Amino acid sequence: MVLKGSSSSRTRTKRPDAFKVEVIRLVRNEQKSAKEALEQAAQTFGLELTESMTKYPASIFDSYQKAVNAKLAKKDAATEQLVRDANLAAE
1 MVLKGSSSSR TRTKRPDAFK VEVIRLVRNE QKSAKEALEQ AAQTFGLELT ESMTKYPASI
61 FDSYQKAVNA KLAKKDAATE QLVRDANLAA E
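Note that the sequence shown covers residues 1 to 91 in my numbering.
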């Protein structure tokens with residue numbers, strides 16, 4: 001049970017790792033702004049952007065980089081492949 005109005009009662013949409021990597025790719029390789037990258041990736045993946053994503057795109061971008069780096073540090077094979085496919089690997 002969760003108290004009504006508590007932060008844990010909110011439903012959060014978890015964005016797929018492929019979406020996060022695509023946003024990073026658009027910023028780094030295509031020189032898009034964080035906002036442009038989020039909008040383009042959302043359209044590609046058929047996702048809606050939340051209000052916070054449109055208000056604070058740079059923060060969202062930063063959190064995506066941290067999330068992807070954390071998975072890479074854990075040697076997550078699927079994330080490693082996404083990063084390689086996006087030509088973002090620093091090997």
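In this text, a Cβ means the ideal position worked out from N, Cα and C, and glycines have one as well.
Quantities reported herein were computed from a predicted structural model and do not represent experimental measurements.
Check, Outcome
"Excluding the 5 residues preceding and the 5 following Gly-5 in the sequence, name in chain order all residues of the same chain whose CB lies nearer than 7 Å to its CB.", "Residue confidence for Gly-5 is low, a pLDDT of 46 falling below 50, so the modelled location carries little weight; the figure read from the coordinates is stated next. Closer than 7 Å at Cβ, skipping near neighbours: no residue."
"Please classify Lys-4: does DSSP put it in a helix, a strand, or coil?", "Below a pLDDT of 50, predicted positions are generally treated as unreliable, and Lys-4, at 46, falls in that range; the measurement from the model is reported next regardless. DSSP places Lys-4 in coil when its eight states are reduced to three."
"Under the three-state reduction of DSSP, which class applies to Arg-84: helix, strand or coil?", "helix"
"If you draw a straight line from the C-alpha of Thr-50 to the C-alpha of Glu-36, how long is it?", "14 Å"
"Return helix, strand or coil for Glu-48, following the three-state DSSP convention.", "coil"
"So what's Tyr-56 in DSSP terms, helix, strand or just coil?", "coil"
"Quick check: Ala-86 and Pro-57, are their CB atoms within less than 9 Å of each other?", "no"
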